[in-house]
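Note sheet for the following structure.
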Amino acid sequence: MKLLEGKRAAIFGVANDRSIAWAISEAFHAEGAELAFTYAGEILEKRVRPLAEGIGSKIILPCDVTKDEEVEKVFATLKQEWGGLDILVHAIAFANKEDLSNPYAQTSRAGFHLAMDVSAYSLVALAQRAAPLMEERNGSIVTLTYMGSEKVIPNYNVMGVAKAALEASVRYLAHDLGPKGIRVNAISAGPLRTLAAAGISDFKSMLHHVAERAPLKRNIGAEEVGKTALYLCSDWGSAVTGEVVHVDAGYNIMGM
Ligand code: NAD
């Protein structure tokens, strides 16, 4: 029997076939899960719909996480079509371009709020609506974070602060939802060339730096994040909650 046979997963955060959420979707699909997808806006729908349909998905919905009505509609549809939910993948982040290149000290109030809303609060917004659908099903929620939450990574700036809030949210959500058997974890991925990464100034040098200094002497592949998500969202991770699992070729352990 496949690892996720009979499981239903809602995937938030596919923009294209380079998205980390897509690598996770492929891993889940290969292990027998049925998937629902959301996309942020019409332009991305053109990318997401063919990918989702290609693996047999029937639920493909718009969802800008800053709009409560769109979030509500997604979970109402999941309840109606599936009756419940086993897995939620949150792979969403956004900050204004200038906030990912200017010094952090220059972050505007509006830029700070936007990054926090889209990149951190959205996990809370999704988890609070997913939880009632996950009861009695050993539900699992997984989000994506980055080491810029723990240490200063030049240019990551406000996104590092948002990821710190996201990781703290993982722990508080794990505490609140644990009694219902729902697990909440984060994967801290090493740098990967994606649409979101293109917004970070001098991203290329992050890749070089990791390949030079990480214990494994290389960068990671998105499919390696997919495999860890599979572990966290299947029975293999049944006693793991509130964790931040690094999938970064070991880069985070280095001091010098
Ligand atoms: P990506 O651009 O493929 O995915 C980011 C997603 O966020 C997109 O699908 C985009 O539509 C979505 N999004 C942005 N604003 C949104 C909104 N208002 N409502 C709904 N969706 C919105 O890039 P990715 O690298 O796959 O990013 C996925 C996650 O992984 C992010 O949380 C990112 O911070 C994290 N991450 C990325 C890296 C990396 O190096 N690429 C490393 C560690 C963590």
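Just so we're on the same page, the working numbering is the position in the sequence shown counted from 1, plus 1269.
Here a beta-carbon is modelled for each residue, glycine too, at the ideal position from N, C-alpha and C.
These numbers come from a predicted model, not from an experiment.
Every beta strand (DSSP E) of 3 residues or more that sits fully in the segment 1420 to 1494 is shown, in chain order, as 1452 to 1458. Short note on F1297: C-beta not closer than 8 Å to any heavy atom of the ligand NAD. Straight-line measurement puts the Cα of D1445 at about 30 Å from the Cα of E1492. Look at S1388 here: in three-state DSSP terms it is helix. Taking C-beta atoms under 8 Å as the contact rule, G1459 and V1479 qualify, at a distance of about 6 Å. DSSP places R1287 outside both helix and strand once states are collapsed to three, so it counts as coil. Boundaries for T1412: no alpha helix (DSSP H) harbours it, while the beta strand (DSSP E) harbouring it runs 1409 to 1414, taken from the DSSP string. Boundaries of the beta strand (DSSP E) harbouring P1331: 1328 to 1331, taken from the DSSP string.
Judged by beta-carbon spacing, K1342 lies within the 9 Å limit of L1330, meaning their Cβ atoms are closer than that value. If the five residues before and after G1468 are omitted, its C-beta is found closer than 7 Å to the C-beta atoms of K1366, L1369, all from its own chain and listed in chain order. In the DSSP assignment, A1278 falls within the unbroken beta strand (DSSP E) covering 1277 to 1281. In this structure, L1392 lies away from L1320, with their beta-carbon atoms at least 9 Å apart. L1313 and A1292 have their C-alpha atoms some 17 Å from each other. Between the ligand NAD and M1428, a heavy atom-to-CB distance of less than 8 Å is present. At a cut-off of 8 Å, the beta-carbon of D1504 does not count as near the ligand NAD: no heavy atom of the ligand is closer than that.
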